[in-house]
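Numbering (the working numbering), first residue to last: 194 to 690.
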Amino acid sequence: MSLTGTAPLRAQYSLVGQLRTRTELRDGYGNLTPKNSSAAAFTSQRTRLTFGYKWERITFNVAVQDIRVWGQDASTINNADGNKLFLHEAWADISLINSADSTLTFKPIQNLSLKIGRQELVYDDVRLLGNLDWLQQGRRFDAALLKAQHNGWALDLGIGFNQNTDAFGTTGTYYTPGNGPTSALSTTNVTLPVPAGFLPTTGKGGAPILATAVSTNGQNQQFKSFQMAYLMRKFNRTKFSALLFKDDFQQYRVDSIGSAATGYVYGRRYDQPGVNSRLTYGVMLVGQPGNTDLSTTNLQWQAFGYAQIGRDRDGLRIRNAYHYGANVTLSRGLLSVNPGYEVLSGNKAGARANETNRFDPLYGTPHRHWGYMDYFYVGTGAPAGGLRDAFVKLKYTRKRLVTGLDVHYFALAATTFGKLPDNLVTTKLSAKLGVEYDFMATYSLNKSTAVELGYALMKGTNTLEFTKQNTINQKDKVGTWAYLMINIRPDFLAVNR
C-alpha cells in the first residue's frame, strides 16, 4: 500500500507494505537427502513495512521486516516465554470476484476473496474460534481463508499447515508443539539440553516439567494442521451459523534423554508418521422474537450445540463429547439482564480405556464465557469431569460508563470419584465446584482512551481443589482478583482524512 500526504512545510512521507507467502515441498533442494527420507513441506512468509520521510535536507527511511515459517510460533505464547516483540497480524485480502466491479466479467457469485497470512479467526461469540483479545499476547493463526458471499449466504473455507523450521537438511514434516523448554533437570538433578523434536514431561523425581504439557486452548499451539468451513445466513430476525473444524496433531512416542551417569528426563518425541485428527461440528442460532415490541424492550436469545469425534492430541478416541447451551438477553433502557446455562462434557466414571468424553472448546476466548478468573479451559486447565455453568449477567450502560456484574454457578458435568488423603476408600465427589462473582466498570475518557476496573471473587469447594490440583483442604477456598486497565488506541492518520 502507499500513503501520501502534505504537512504544513510540504513534507513528504510514504508507508509501503509487502506480504509474500511461499509454500514449498523440499526433497533434495540445496543438497542430497538421505535414502528413504521423507520430503519436507512448509509455508514461509515475508512481511515488510517501509516508512519514508523527506523534508528540506533530510530523508529518513525505516524498513521493518519479519520472516517466519507458518506454525513456527505458538498461536498464543504463555507467561514462561516472557514479554517479547512479535508479529501479531500480517495478511492480505485479495478480491477475486466482485459483482460491483464492472471490469470483471466472470461473476458466478457476488463476492469471492482470498485472505492469506497471519490473521485472527473471529467467529460468532468467539466461543470456539476467537482472537483471545483479553490476553495481552492475543491469538492469531497462520492460515489461508477463502471467503464467498452470495444471496445472503456467507461461506469461509480455511486451511493451515504448521512447521517449526525451513532449514536445510530438514526431512519429513514432523511437528513439535511450540514453547517447550530448552533444558530440563534429570532424575539426578543434572541440567540436560533438550533436543529438537523432544518435549519433556517429567524430570527430577518424576516431577512434571510442564504441568500442562500440551494444551489446545490458551497454551501452546499444538495442532500440525487444520481445515475448516463456516457457513452463515440471516433469516429475518434469526442468524444461523454452522462450523466444521478439523485439527490434526502430530503423533509422538514416549522416550527419554540422558544416561545412567547424568540421569534421565522423560517425555515425548514427535517423530512418528501420521496424525491424530479431531473433528468439531455444530450450529448456533441467535435471534429476536418477531412479535416483541422493540420500542421499549429488546429481547435476544441464543442457542447452540457442538460435538467432537475422532482422536485427541494423545490419540485417545473421543466418544460422546458435546457442548450445548442457551441464554437470553433482556434489555430495557440502560439495563440488561442475561441469564443462561451451558454444559461441556467430561470424562465419566468407569470410562473405557484409551477413550475420552471431554469436549475441548478449541481456540476460543474462555475469559468471556466461563468466568473472569480463568479457572476453566485456560492456562491452569479444567476438571476432567467437564463443566456445567449456570449464570446471570447484569450490565448498566451509559454514554461513557459501562458497569457489569456476572454471577456463575459452576459444577462438574460428569460423576467424578476421588480418594481423600485420610480415607482409603474412593468416594463420589460433590458436583459443585464453586460460585464466582465478576464486577467490571469501564469509563471512556475520550475517543482514544478507556479505563477499566475489575474485581472478581471465587468461592470454591473441595471438589474444585481436588479436580484441579489433586489435593483436599490444602488450599484457600476463596480466591480474589482485581485489575486496572488503561486502553489507549489513537488513530494517527485520522487528522489527514
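We put the CB at the ideal spot given by N, CA and C, even for glycine.
- Of SER306, LEU280, ASN355 and LEU339, the smallest CA-CA separation from GLN330 is found for LEU280.
- Comparing alpha-carbon positions, the option among ASN355, GLY345 and ARG593 lying closest to THR635 turns out to be ARG593.
- Just measuring C-alpha positions, the residue of LYS586, TYR630 and VAL628 sitting nearest SER529 is LYS586.
- In the structure shown, the three-state DSSP call for THR660 is helix.
- Here DSSP, grouped into helix, strand and coil, assigns HIS281 to coil.
- Burial state of PHE416 is buried, judged by a 10 Å Cβ sphere holding 16 or more other Cβ atoms.
- LYS661 and PHE253 have their C-alpha atoms roughly 55 Å apart.
- Taking a contact to require three or more Cβ pairs closer than 8 Å, the stretch 616–630 and the stretch 544–561 do not qualify as touching.
- Within the same chain, and ignoring the five residues on either side of ASN540 in sequence, the residues whose Cβ sits closer than 7 Å to its Cβ are THR549, ASN550, ARG551, ALA577, GLY578 and ALA607.
- If you look at PRO227, you'll find it isn't in any alpha helix (DSSP H); DSSP assigns it neither H nor E.
- Under the three-state reduction of DSSP output, ASN655 falls in the helix class.
- Distance from the CA atom of LEU509 to the CA atom of TYR474, rounded to whole angstroms, is 18 Å.
- Between GLY264 and TYR423, the alpha-carbon positions lie close to 22 Å from each other.
- Straight-line measurement puts the Cα of ASP505 at about 25 Å from the Cα of PHE603.
- Taking the C-beta atoms as reference points, VAL387 is found nearer than 7 Å to THR375.
- Its chain contains GLY647 as the residues whose beta carbon lies nearer than 7 Å to that of TYR676, once the 5 sequence neighbours on both sides are disregarded; these appear in chain order.
- A buried status is given to ALA337, since no fewer than 16 other beta-carbon atoms sit within 10 Å of its beta-carbon.
- Under the three-state reduction of DSSP, PRO386 is assigned to strand.
- In the structure shown, ALA233 adopts extended strand secondary structure according to DSSP, grouped into three states.
- For ILE302, the closest alpha carbon among the candidates ASP286, SER268, VAL315 and LEU348 is that of LEU348.
- Judged by beta-carbon spacing, ARG203 lies beyond the 7 Å limit of ARG239, meaning their Cβ atoms are not closer than that value.
- Counting only the Cα atoms, ILE251 lies some 26 Å from ASP684.
- Nearest to GLY390 by C-alpha distance, out of PHE244, ASP567, ASP440 and ASP448, is ASP448.
- Its Cα nearest to that of THR395, the residue TYR457 stands out among SER641, PHE361 and TYR457.
- At the C-beta level, GLN465 and GLN444 come within 7 Å of one another.
- Secondary structure at ARG545: coil, using DSSP grouped into helix, strand and coil.
- Counting along the chain, PRO393 sits inside the beta strand (DSSP E) bounded by residues 391–395.
- The DSSP assignment places 610–612, 619–621 and 625–637 as complete runs of the beta strand (DSSP E) inside the stretch 598–650, in order along the chain (cut-off: 3 residues).
- For ASP440, the number of other beta carbons within 10 angstroms of its own is at least 16, and it is reported as buried.
- Boundaries of the alpha helix (DSSP H) harbouring ARG561: 559–562, taken from the DSSP string.
- If you draw a 10 Å sphere on the C-beta of MET566, you find 16 or more other C-beta atoms in it, and that means buried.
- Listed in chain order, the non-local C-beta contacts of ILE679 below 6 Å within the same chain comprise VAL644, local neighbours out to five positions each way being set aside.
- The Cβ atoms of LEU657 and THR673 lie no closer than 7 Å to each other.
- If you draw a 10 Å sphere on the C-beta of PRO482, you find fewer than 16 other C-beta atoms in it, and that means exposed.
- Between THR369 and TYR459 a beta carbon distance of about 16 Å is seen, past the 8 Å cut, so the two are scored as non-contacting.
- In summary, ILE309 is buried, with 16 or more beta-carbon neighbours lying within 10 Å of its beta-carbon over all protein chains present.
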